[in-house]
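Numbering (the numbering used here), first residue to last: 337 to 732.
Have a look at this one:
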């Protein structure tokens, strides 16, 4: 079959699911086992996924959400720090799935859960009105409107879990960009997940965030490092990375020359987002044939690199102020390995303490993270190489 742009099987984009999700079998299998254990009344640990941007954490979370939905679970998938508090984001994410389940014949515990959800809504929006099309005036429930997040979440999750458990399913909450949760929000989620495990509620929590997430979780609750099961989400191994290119093409009746696959795997360094970008541009540059050659891959690599520079990297670079860009330039000398904060200050001829606000601003913008005390690193793979290619306005 011919390679045609309208049939391009690759999909670069934030959180866009690829046609072939490869290299994440362990995480997905463990998640499915956890869902089954919950419904068997056995204990499970909440899940935390962490890694750099572009490694596919959001895509993996979406696959996990679909797996839970396929089992009939109530699923709320949200993004932290997207202009909403955890309370608001979770409440709004729950409304649709609850509305779909609301019916007069629902069990007593589920009706109680609906009334508790209404009270949770009232805790952040007393003027808005939810309606499940049911008369809940005489139903028990409510009480998730104290204004104390942990208290209200405890009541909400307890009643939802017991209500859904009555129907033989559970509740899954998946939070992306979890590093942007406030300390209070993260503390509340850890406490609820711990209580759910202790009480045997059919509830499962999954957090996804930057490499700093394990430390953030551990600092939120002293027991959190033992509460969660942590999965580092990294670049794909070379053998598996090639499947992200070849499997979608095979489904479309198109083959790759092995040398072309090898070239793009090296160019992308195994990062799923980059593989999708290079795959898309290579496919579009090979129009009219049913085999993608190494020549096509060279052209696609050049086009993909330009697309990443002009979009993926440029968007982040342009978010930084002039002083922040100077800080990033001083870091780029060290490549992907990360930098000592003191060494960056020395290169800029500044005192480390004076650069604290700049460093904090870059972390808040999601451009950097602190892998350990006194060190700083890029959240985006390849960012150092991009920065070294940018003209320095301070050099005549």
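All C-beta atoms in this analysis are idealised placements derived from N, C-alpha and C, irrespective of residue type, glycine included.
As the structure is a computational prediction, the values presented were derived from the model and not from experiment.
Reduced DSSP category for residue i - H, G, I as helix; E, B as strand; rest coil
i           : result
residue 732 : Summary for residue 732: the model assigns pLDDT 49, below 50, so the residue's position carries little reliability; its value from the coordinates is reported in the next sentence. In the structure shown, residue 732 sits in coil (DSSP, three-state: anything other than H, G, I, E or B).
residue 346 : coil
residue 641 : helix
residue 664 : helix
residue 339 : coil
residue 721 : helix
residue 704 : strand
residue 651 : helix
residue 676 : strand
residue 370 : helix
residue 512 : strand
residue 358 : coil
residue 605 : coil
residue 622 : coil
residue 630 : helix
residue 714 : strand
residue 698 : helix
residue 505 : coil
residue 684 : coil
residue 612 : helix
residue 490 : helix
residue 482 : coil
Residue j beta carbon less than 9 Å from that of residue i
i           : j           : result
residue 478 : residue 451 : yes
residue 545 : residue 514 : yes
residue 507 : residue 411 : yes
residue 538 : residue 500 : yes
residue 371 : residue 430 : no
residue 528 : residue 490 : yes
residue 635 : residue 339 : no
residue 588 : residue 345 : yes
residue 601 : residue 389 : no
residue 726 : residue 619 : no
residue 385 : residue 543 : yes
residue 576 : residue 387 : no
residue 453 : residue 492 : yes
Member of the options whose CA lies at the smallest distance from the CA of residue i
i           : options               : result
residue 512 : 502, 487 and 541      : 541
residue 649 : 721, 619 and 440      : 721
residue 459 : 483, 446, 631 and 519 : 483
residue 408 : 647, 421 and 433      : 433
residue 485 : 519, 438, 423 and 505 : 423
residue 468 : 493, 492, 710 and 440 : 440
residue 638 : 572, 669 and 610      : 610
residue 667 : 698, 640, 642 and 644 : 698
residue 723 : 687, 671 and 558      : 671
residue 559 : 606, 381 and 353      : 381
residue 607 : 596, 572 and 550      : 572
residue 475 : 492, 443, 642 and 730 : 443
residue 367 : 509, 414 and 387      : 509
residue 629 : 347, 585 and 448      : 585
Residue i Cβ short of 8 Å to the ligand ADP heavy atom set
i           : result
residue 701 : The ligand ADP is absent from the structure shown, which contains no ligand whatsoever.
Subject >> Cβ contact check for the stretch 664 to 679 and the stretch 691 to 705: 3 or more pairs under 8 Å >> reply: The stretch 664 to 679, when compared against the stretch 691 to 705, does touch it at the 8 Å Cβ threshold.
Original post:
Would the stretch 389 to 396 and the stretch 355 to 365 be scored as touching if the rule is three or more Cβ pairs under 8 Å?
Top reply: Cβ pair count under 8 Å is three or more, so yes.
Original post:
Which residue spans inside the stretch 519 to 601 form an unbroken beta strand (DSSP E) run of at least 3?
Top reply: Listed in chain order, they are 539 to 545 and 565 to 568.
**OP:** Within the stretch 377 to 432, note down every full beta strand (DSSP E) run reaching 3 residues or more, in order along the chain.
**Re:** As far as the stretch 377 to 432 is concerned, its whole beta strand (DSSP E) runs of at least 3 residues are 383 to 386 and 410 to 415.
**OP:** Report yes or no: do three or more beta-carbon pairs, one from the stretch 608 to 621 and one from the stretch 576 to 592, lie closer than 8 Å?
**Re:** Segments in contact, yes.
Original post:
Using 8 Å as the threshold, is the stretch 659 to 675 in touch with the stretch 397 to 406, meaning 3 or more CB pairs across them?
Top reply: Touching, no.
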